[in-house]
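Structure first, commentary second.
Residue numbers (our numbering): 400 to 481.
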């Protein structure tokens, strides 16, 4: 049984390992994080109330707002059917 568990562990890939890197992917450094904060209008004082993940999510959402290719926006009826 331990050998089976060991072999199973070798075949499991996490989402991070399976993610295909694109040319725009780069390591999140402190200067890059602070640049993202400035781009979002977040002050150092505001960072006391936010996590790194929240700032990253806000940045991603701000970039999604600029995307004009959405085919349709979901209505309340769509959510109710879901």
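Ideal Cβ placement from N, Cα and C applies to all residues, glycine included.
Going by beta carbon distance, what residues of the same chain come within less than 6 Å of residue 440, once the five residues before and after it are set aside? Within the same chain, no Cβ atom closer than 6 Å to the Cβ of residue 440 is found once the five residues on either side in sequence are excluded.
Can you tell me which of 428, 476, 426, 437 puts its alpha carbon nearest to the alpha carbon of residue 458? 437
Give the range of the alpha helix (DSSP H) segment to which residue 457 is assigned. 451 to 464
Which value, in whole angstroms, describes the spacing of the CA atoms of residue 476 and residue 463? 23 Å
In chain order, what residues of the same chain have a beta carbon less than 6 Å from the beta carbon of residue 435, not counting five sequence neighbours either side? 458
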